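Novice: Residue numbers (the working numbering): 7 to 322. The beta carbon of each residue, even a glycine, is placed where N, CA and C say it ideally should be. Since we're looking at a predicted model, the values are computed, not measured. Pasting in a structure now, in structure tokens, and then I'll have a few things to ask.
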């Protein structure tokens, strides 16, 4: 997959694109089922027209540049993860547009000229609610009107599940609540956090439950504290596991607020310090709580482990 970074106006002059594209356009945070419908439609149109498929996304999130949101927006998929997911979806090229204050001032007409026509885009696919240009004045209907026959336009209607629109906002709320089964349903895959195994306090080993202490890659969102059934990718193989996310209240001073991600990997006995791993989150088993001593904690961890085993047996 070819990744091309664009910044207005400096780097656009360097892009003398001869290749024609069928382009899916959007921010695509999470690359969830709704986004996948847009991307799949663009890929199908690329096949039909015998041209390359492409995705245009933006970095950083527009709200960081423009402000105006009361709540802090976190990324479901930081850029590196988003690119990895797009590669798995079989996209030929990704344009990553640097979202700056200058870029945000472009009129809809200027956006079309510089970022569609000049890049030899032959067809554009986006969701029904995609907006572009200064103050979001451009919408999909205007895009079709301004195409002047130079490119085709496909509008993907609202993608819904049994409840409502599939959206990044819903996924963020589910992540904050630890509702990982809902996240997996909306995304079409498990939520993943890449990281590296680092040394911890090694207390789990003395309790008979050795854990991999995972330091998440910077920018990744960590779900709500609690105990989860997870899978962990170690040396290109997925293993079932039980993960505790939290502050270890049974042992730690409540004033010491250092979040830890500790995974007890089932049927595994290797030294993996320094290994890059990926944690896939499947189901929240319970909330984190303080226990009256180590024996009570060990008893609960055994129950957590049994729940995780039973859960993954059901999935198989």
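1) Can you give the Cα-Cα distance for residue 93 and residue 300, rounded to whole angstroms?
2) Helix, strand or coil: how does DSSP classify residue 375 here?
3) Tell me whether the beta-carbon of residue 285 lies closer than 8 Å to the beta-carbon of residue 187.
4) Looking at C-alpha atoms only, which residue of 282, 267, 310 is the closest neighbour of residue 242?
5) Quick test of the definition: if touching needs 3 or more C-beta pairs under 8 Å, does the segment 175-193 touch the segment 263-279?
6) I'd like the list of long-range same chain contacts for residue 161, defined as Cβ closer than 6 Å, with 5 residues on each side in sequence excluded.
7) Please look up how many angstroms separate the CB atoms of residue 37 and residue 88, rounded, as I've assumed it's under 8 Å.
8) Output yes if chain D places a C-beta closer than 8 Å to the C-beta of residue 220; else output no.
9) For residue 25, which three-state DSSP category applies?
10) Measure the Cβ-Cβ separation of residue 45 and residue 127 and say whether it is below 8 Å.
11) Count Cβ pairs between the segment 113-133 and the segment 48-55 that sit closer than 8 Å; are there 3 or more?
12) Only counting the same chain, and skipping five residues up and downstream in sequence, which positions put a Cβ closer than 7 Å to that of residue 57?
13) Apart from the five residues on each side of it in sequence, which residues of its chain come closer than 7 Å, Cβ to Cβ, to residue 156?
Specialist: The answer reads as follows:
1) Here residue 93 is taken as the residue at index 87 of the chain shown, counted from 1. Here residue 300 is taken as the residue at index 294 of the chain shown, counted from 1. Cα to Cα, residue 93 sits roughly 45 Å from residue 300.
2) Beyond the ends of the chain as shown, which are 7 and 322, falls residue 375; an answer cannot be given.
3) Here residue 285 corresponds to residue number 279 of the chain shown, with the count starting at 1. Here residue 187 corresponds to residue number 181 of the chain shown, with the count starting at 1. When the beta-carbon positions are compared, residue 285 and residue 187 stay at least 8 Å from each other.
4) As a position in the chain shown, residue 242 is number 236, starting the count at 1. Nearest C-alpha to residue 242: 282.
5) Touching, no, given that fewer than three Cβ pairs across the two stretches are closer than 8 Å.
6) Mapped onto the chain shown, residue 161 falls at position 155. Only 134, 146 meet the Cβ criterion.
7) Walking along the chain shown from the start, residue 37 turns up at place 31. Walking along the chain shown from the start, residue 88 turns up at place 82. Going by Cβ atoms, the distance from residue 37 to residue 88 rounds to 6 Å, so yes, they are a contact pair.
8) The structure shown contains no chain D, having only a single protein chain.
9) Reading the chain shown from its first residue, position 19 is the one you call residue 25. Coil, per DSSP.
10) Within the chain shown, numbered from 1, the residue matching residue 45 stands at position 39. Within the chain shown, numbered from 1, the residue matching residue 127 stands at position 121. Cβ atoms of residue 45 and residue 127: not closer than 8 Å.
11) Taking 8 Å as the limit for Cβ pairs, the verdict is that the segment 48-55 does touch the segment 113-133.
12) Counting from 1 along the chain shown, the entry for residue 57 is found at position 51. Here the set comprises 26, 27, 28, 128.
13) Counting from 1 along the chain shown, the entry for residue 156 is found at position 150. 123, listed in sequence order.
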